[in-house]
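The numbering of the sequence shown is the numbering used here, which starts it at 4 and goes up by one. First the structure, in the form of structure tokens, and then the observations on it.
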Amino acid sequence: MHMKTVLILLVLALATIFALVCVLLTRGRAPSTCQHQEQEDTNDGQSLVFADLTPEEMVRVVRYLQGNLGVQLVDASRAKPSDNCIASVDLQVPAKAEVLRFLDGGGARPPREALAVLYFGNQPEPNVTEYVVGPLPMPAYHRDVTVQKYGGKVPYHRRPTLAVEYKQIAAFLKTQVFSAAPSFMHQVMEYDGASLATVSAAPRGFQSGDRRSWFVLFQNVSGFFVHPVGLEVLVDHSSLDISRWAVSRVFYNGQYYRDMIQLEGAYVQGRISVEKVKKAPWDGDFSSMKPRAPSAALFPLQYEPQGPRYSVRNNHVLFQAWSFAFGMSVNTGLRLFDIRHKGERVAYEISVQEALSVYGSNCPGGMSTRYMDGSFGIGHYTSPLVRGVDCPYLATYQDVHYLAHSHVPRVSKSALCIFEQNLGSPLRRHYSNLQSLYYGGLVNSALVVRSIATIGNYDYVWDFIFYQNGAIEGKVQATGYASSSFLHGDGLRYGNRVWEHTLGTVHTHSINYKVDLDVGGVKNSLVAHDMAFEMARAPWSPEQQIERPRLTKKVLDTEDQAAFRLQSKMPRYIYFAANSKNKWGHQRGYRIQITSFAGDPVPEASSMERAISWARYQLAVTRRKEEEPTSTSIYNQNDPWTPTVAFADFINNETITNEDLVAWITAGFLHIPHSEDIPNTVTVGNAVGFLLRPYNYYDLDPSIYSHDGVFFTSEQDFMACEINPIACLPKTASCLPNFPPFTYDGFQNM
């Protein structure tokens, strides 16, 4: 063979070997770790005006009150009804005018203050008093704001029920009530002192001053809410002297008894119909949430190749064109303030107000239940979140601190999460195959702020979602266990049978939000646009008619015009209009779009309806007033017959043209539990809420300026990174996300 040929072959062989080695080395090398790109936040601490109280501030407020009220304060975790105690301490949000002077006008920072709710049971006239305490962090003054807020002292019977009171009732049932029927409790209930759990109905009676609660008995197993045993006890716990508490009625399997003694006598004499429930194992059997299948292939995960594209600094969030402050009210839960898009404020406050559920049943506890969850504490019962299930694994998690039912601050670890989510669909797109050939699109990636409150049997997933086109979504999803009654008699009129003795009872969910929009400034008007068909002759053929849709417009001048009943027809485009116009001469606006399939509201003839009168309306727009901060009150649950706050009074036909306005939005759904609600309810189909969407607010869709946009034509090289960034994903996204170790603190501080 010619020497030159041999050398050429040798060089080629060496080159081939070198290439193979490079490939093998490259394939064997682990991908690099995903890099984190820092987001610059220039908020400069202004958002702290809305920040939740720190544990240190809570402790100082408690110490101040203990030393400056001149009365003995018992720790609320062990207080008797006849004691004085601090029920809760929360942030006192400053007046809007003060905050805006600080944020926009260079004014002084408003003093930082706390709102303390105290129960004064050890007084000649027991009452509930609210104090504003400040300035923080070193309190030096307090002022009683109860009369200013409510027009008088809050009667003591209206106080929300403390956790310790439930414990005291449980002890009363165990030691004094169940012991009065030993044969029945042992032979029928198989009660061993710990085998039964209770759920309390509310409100507690039929008239102001009542504090009589039905306690429904369940087997004390996992998922006990769907294990009723047929026994319910009406306890009168209105006396401040626990020794004077008494049983008013007893219900078992469709029959009412004067007390447990009468029930025991009837049982011993064989005069009652016994429906013995099979004892469930500790895991609840059918109610267990333990998976029935082994783990298999891992579900899809989401990660950020270049780190989070948002920043969280203290209580301030920055995401692309969005910025806002967040907080957690101990009573009403998640709330946002100073929401801005492209630097301009579009809303001052968006917050949850109340979650109401109204039940039906042929059992007394079920039929009398109208839960107003703010009274129990939506923020108080915000639960720790599980990475990878409740929120994406790599979300940003925040602890929530609260002081309620105790003098000691508590922490709910990782109880709020923030994450950007690729929704897996385009926010907008077009594929052109006519005339010019091109593709243009934008991935729908949005920022989500989430908390989940577990209030008894239900878990509410609260989301606020920020989209790249300037829209904001408020959404709630319901899951958890369905509340149930013991199936007897005509029970199927009130729900579906979901297990042998379990009736899944029909109920409604109603969620109320406060939305304080400031569109192009504080002063706004409310405008309705819709459509109507009109008949017109075709200009080119006058003998023919055309039915064409036309635009209808109306300015809603008064609060009465802006109050839309739950099942009434509402204009499909209703928006807050600014005093400025866009490039095309239209008033800049933000539209309110509600997603709801609510059940019917409680009839207005009901003696308690005024306490929940916000639920009459799918939307009501009123003048913003500092003295109308919330649509309801924590005191309405235990005295709905004389409501401390009646939302219906907010609507008094005042003019709402060119005023600072608030939208009160109600979304809800009817839930008729069915067999697929066992073991518990899924979120699919149980989501309601609202959207706030720009309506002529911009000159064009602001998402066109997003860095995520994709566009290429038939004449371009769509495989080139500079033309189509998506083509470079194998390079830009080939990194290993840094998954922190899984931790969970949800079983601490119980």
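Ideal Cβ placement from N, Cα and C applies to all residues, glycine included. Quantities reported herein were computed from a predicted structural model and do not represent experimental measurements.
Under the three-state reduction of DSSP output, C738 falls in the coil class, being neither helix nor strand. About 5 Å separates the beta carbon of V361 from that of T511, a gap short enough to meet the 8 Å contact definition. The way I'd put it, the segment 117-128 does touch the segment 89-106; three or more beta-carbon pairs between them come closer than 8 Å. Excluding residues up to 5 positions away in sequence, V191 lie with their Cβ nearer than 7 Å to the Cβ of K279 in the same chain. Looking at the DSSP output, E116 sits in a beta bridge with Q95. Between the C-alpha atoms of Y593 and E168 there is a straight-line separation of about 46 Å. Sequence-distant Cβ neighbours of S386 in its own chain, meaning closer than 6 Å and more than five residues away, are I455 and T457.
As the crow flies, the alpha-carbon of D195 is around 33 Å from that of I381.
CA-to-CA, the gap between A449 and A666 works out to about 24 Å. In this structure, T625 lies away from D560, with their beta-carbon atoms at least 7 Å apart.
Among the bridge pairs identified by DSSP, N499 is matched with G507. Counting the other CB atoms within 10 Å of its CB gives N425 a total below 16, which places it among the exposed residues. Straight across, the Cα-Cα distance linking V333 with K345 is about 31 Å. Counting along the chain, the unbroken alpha helix (DSSP H) around Q151 starts and ends at T149 to Y153.
Within its own chain, the residues whose Cβ lies closer than 6 Å to the Cβ of S678, once the five positions on either side in sequence are excluded, are V501, listed in chain order.
Nearest to A581 by C-alpha distance, out of S610, Y698 and Q547, is Y698. In the three-state scheme derived from DSSP, where H, G and I count as helix and E and B as strand, Q570 is classed as coil. Assigned with DSSP and collapsed to three states, F289 falls in helix. The distance from the Cβ of I654 to that of D563 is about 6 Å, consistent with a contact at the 8 Å cut-off. Annotated as distal: A565 and R613, with beta-carbon spacing of 7 Å or more.
The continuous stretches of alpha helix (DSSP H) do not include S314, which lies in the beta strand (DSSP E) extending over residues Y313 to R316. In the DSSP assignment, R594 falls within the unbroken beta strand (DSSP E) covering Q590 to T598. Take Q75, set aside five residues on each side of it, and the residues of its chain with a beta-carbon closer than 7 Å to its own are N87, in chain order. Cβ neighbours of A200 within its own chain (closer than 6 Å, five residues either side excluded): F221, N223 and F227. Look at H532 here: in three-state DSSP terms it is strand.
By alpha-carbon distance to Y384, the top candidate from S415, Q356, G368 and R390 is S415. Beta-bridge partners assigned by DSSP to V713: G444.
With contacts defined as CB atoms closer than 7 Å, N472 and S706 qualify as a contacting pair. A Cβ-Cβ separation of about 5 Å places F105 in contact with R112 under the 8 Å criterion.
Cβ-Cβ distances below 6 Å link P395 to Q305 and F422 in the same chain, with the five nearest sequence neighbours on each side left out; the list follows chain order. Residue environment: A299 is assigned as exposed (fewer than 16 neighbouring CB atoms within 10 Å of its CB, all protein chains considered). Annotation note: the segment 612-645 contains the following uninterrupted beta strand (DSSP E) runs of length 3 or greater, listed N- to C-terminal: 620-626.
Note on geometry: alpha-carbon atoms of V180 and S371 lie some 22 Å from one another. Annotation: I668 to Y620 spans about 8 Å, alpha carbon to alpha carbon. With 16 or more other Cβ atoms from the protein chains shown falling within 10 Å of its own Cβ, E133 counts as buried. In the assembly as shown, A539 is an exposed residue. Its beta-carbon has fewer than 16 other beta-carbons within 10 Å.
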